[in-house]
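Be aware that the sequence shown starts at 1, since it is given in the UniProt record's numbering, and climbs by one per residue.
Beta carbons are placed, not taken as given, at the ideal position from N, Cα and C, and that holds for glycine.
Report on the structure given below.
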Amino acid sequence: MVPAIERVVKNLQNYIKSKAESGEEVELKHLCQCYAIDSIAGVAFGLQVDSLKDPNDPFIKHGKDFVNFESLYMYIVMLFPFTVPILRLFGITFPPQAANNFFSKVIGSALEDRRHEQKKYGDFLQLLVDAEREGEAQGPVDAEIDHGHHLKTSSHWTRKGLTTDEVYGNTLVFLIAGNETVNTVMSFTLFCLAANPDCLAKAQAEIDAKLKKKPVNYDTAMELTYLDMCLNETMRLYPSLFVLDRQIAEDMEFGGYHIKKGWRIAIPAFTIHRDPAIWPDPLKFDPERFTPEARATRHPYAFMPFGLGPRNCIGMRLGQLEIRMAIATILQHFTPVLCDKSVYPPKLQKLTMGPVDGLWVTDPTKAVYLNPVASERAFVIKNQNGDWAFVVRTWKGFKNGVPGVKGHYNNY
């Protein structure tokens with residue numbers, strides 16, 4: 001699956017480069033949604049799409065409809081859940097029926113290819129097909145086994161392979177969960193780093209030290225500990241799962257209340273993540289909250305961005321890898337900063353918690369024409385106003401936007 005992510009990351013890098021060189025602002029939610037959908041197309045379905053270049057691709061169009069949680073339907077259902085069967089009578093569903101039909105055909109076609117070809121696809125759908133083929137029980141497996149192996153050996157528990165409907169359902173769960181989580185975490189992390197240059201500088205320094213000017217891969221992505229702290233702090237402030245929904249399995253007493261079996265409860269992760277009794281100065285972006293020492297002082301359920309327990313997010317590890325590889329590549333080559341369109345801290349929508357005004361950034365260090373002369377320490381640059389400058393500066397310093405470098409500017 002990693003090669004598919006690497007290809008999408010490269011497309012993302014090229015797109016940002018074109019925007020930065022022209023001095024244009026970038027809206028991060030749109031950018032990261034495109035990255036998330038392209039990644040899912042490759043990782044889940046083995047498809048190559050580029051939504052930044054071709055937004056009218058049918059997979060992109062229906063994929064966005066599939067994860068549009070800001071539609072009128074979602075607002076109605078969140079406020080009045082009893083209306084779901086009524087809306088269904090009028091053919092109003094979520095996801096829309098057209099999107100459902102499209103992905104039903106895509107998944108059906110992909111399943112046929114994988115069932116009848118000898119070739120092994122390195123994607124999520126191939127894992128589901130392998131699980132579908134399992135027919136004989138081989139005894140129970142360890143409950144702590146990793147997700148990929150557990151998926152392949154699911155028939156050890158059920159004594160049958162996955163049905164086509166189960167393959168379809170699991171793929172759609174992957175599509176929905178993988179899109180929203182990657183989009184939200186990635187966009188808000190970049191925005192928070194742009195608003196906190198000290199944290200941004202630390203993240204870039206770590207990336208430069210680990211990557212050593214090479215493209216990010218699985219191993220280096222998993223070694224970025226400070227970036228991981230930044231991701232966790234972002235998920236604390238802006239969790240993609242801001243409310244966790246659970247059904248009570250048996251009658252219980254809790255806090256003096258009798259809770260009956262079958263009741264559904266909502267766990268307000270967003271509120272817990274901003275509780276000043278747990279998090280001092282809770283609205284401040286502070287990655288140091290997630291050092292090993294700081295984490296050891298808190299209750300383990302004080303932080304639940306992916307849910308907790310056996311029902312936590314199935315794509316958590318894959319989503320984290322996608323996010324790390326993308327952000328590491330962006331910060332290796334670009335320096336996002338706030339711009340005139342930026343609103344920080346972002347205003348959040350009441351129901352979906354999405355940014356009202358978008359998440360806008362720019363990259364002034366890349367909005368130049370770059371021409372190396374003489375050596376790696378000397379550059380001639382041209383800014384957006386047409387002014388030229390001769391600057392003595394190491395390439396690493398120039399790339400990272402180190403402030404305070406003096407140059408002589410002349411109008412030619």
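Top-ranked residue by Cα proximity to residue i, from the options
{"i": "aspartate 363", "options": "Leu321, Val26, Pro3, Leu89", "result": "Val26"}
{"i": "proline 300", "options": "Leu172, Arg246, Thr189, Ile272", "result": "Ile272"}
{"i": "threonine 189", "options": "Ile40, Val356, Pro346", "result": "Pro346"}
{"i": "alanine 44", "options": "Gly307, Gly122, Asp340", "result": "Gly122"}
{"i": "phenylalanine 242", "options": "Ser109, Phe303, Ala294, Cys192", "result": "Phe303"}
{"i": "cysteine 34", "options": "Glu21, Tyr75, Leu52, Thr184", "result": "Leu52"}
{"i": "threonine 181", "options": "Thr352, Thr163, Asp357", "result": "Thr352"}
{"i": "isoleucine 265", "options": "Met252, Asp275, Ala277", "result": "Met252"}
{"i": "valine 343", "options": "Val2, Lys61, Cys192, Tyr218", "result": "Cys192"}
{"i": "phenylalanine 102", "options": "Gly91, Val129, Cys230, Lys64", "result": "Lys64"}
{"i": "aspartate 38", "options": "Met1, Lys17, Glu24", "result": "Met1"}
{"i": "glutamate 24", "options": "Gln349, Asp340, Gly354, Lys350", "result": "Asp340"}
{"i": "glutamine 320", "options": "Leu12, Glu166, Ala205, Ser240", "result": "Ser240"}
{"i": "arginine 298", "options": "Leu318, Phe285, Leu31, Asp275", "result": "Asp275"}
Residue i - partner residues in DSSP beta bridges
{"i": "isoleucine 267", "result": "Leu244"}
{"i": "histidine 62", "result": "Looking at the DSSP assignment, histidine 62 forms no beta bridge with any residue, so it has no partner."}
{"i": "histidine 258", "result": "Glu253"}
{"i": "leucine 338", "result": "Val361"}
N-terminal and C-terminal residue of the alpha helix (DSSP H) that residue i is part of
{"i": "methionine 186", "result": "164-195"}
{"i": "cysteine 32", "result": "28-45"}
{"i": "tyrosine 301", "result": "From DSSP, tyrosine 301 is part of no alpha helix (DSSP H); its letter is neither H nor E."}
{"i": "tyrosine 218", "result": "218-222"}
{"i": "serine 18", "result": "2-21"}
{"i": "leucine 321", "result": "316-333"}
{"i": "tyrosine 75", "result": "72-79"}
{"i": "lysine 105", "result": "97-116"}
{"i": "residue 419", "result": "Nothing can be reported for residue 419: it is not among the residues displayed for the chain, which extend from 1 to 412."}
DSSP-derived helix/strand/coil call for residue i
{"i": "isoleucine 86", "result": "helix"}
{"i": "proline 140", "result": "In this prediction, proline 140 has a pLDDT of 43, which is less than 50 and means its spatial position is unreliable; nothing more can be read from the coordinates."}
{"i": "residue 414", "result": "Nothing about residue 414 can be reported from this structure: the residues present for the chain run from 1 to 412 only."}
{"i": "leucine 348", "result": "strand"}
{"i": "leucine 211", "result": "helix"}
{"i": "proline 239", "result": "coil"}
Enclosing beta strand (DSSP E) for residue i [first to last residue]
{"i": "residue 416", "result": "Any property of residue 416 remains undetermined from this structure, which presents the chain solely from 1 to 412."}
Residue i at chain D interface by Cβ criterion, 9 Å
{"i": "tyrosine 344", "result": "Note that chain D does not occur in the displayed structure, where there is just one protein chain."}
Residue i beta carbon near the ligand SAH (any heavy atom closer than 8 Å)
{"i": "glutamine 48", "result": "Here there are no bound small molecules, and the ligand SAH is not part of this structure."}
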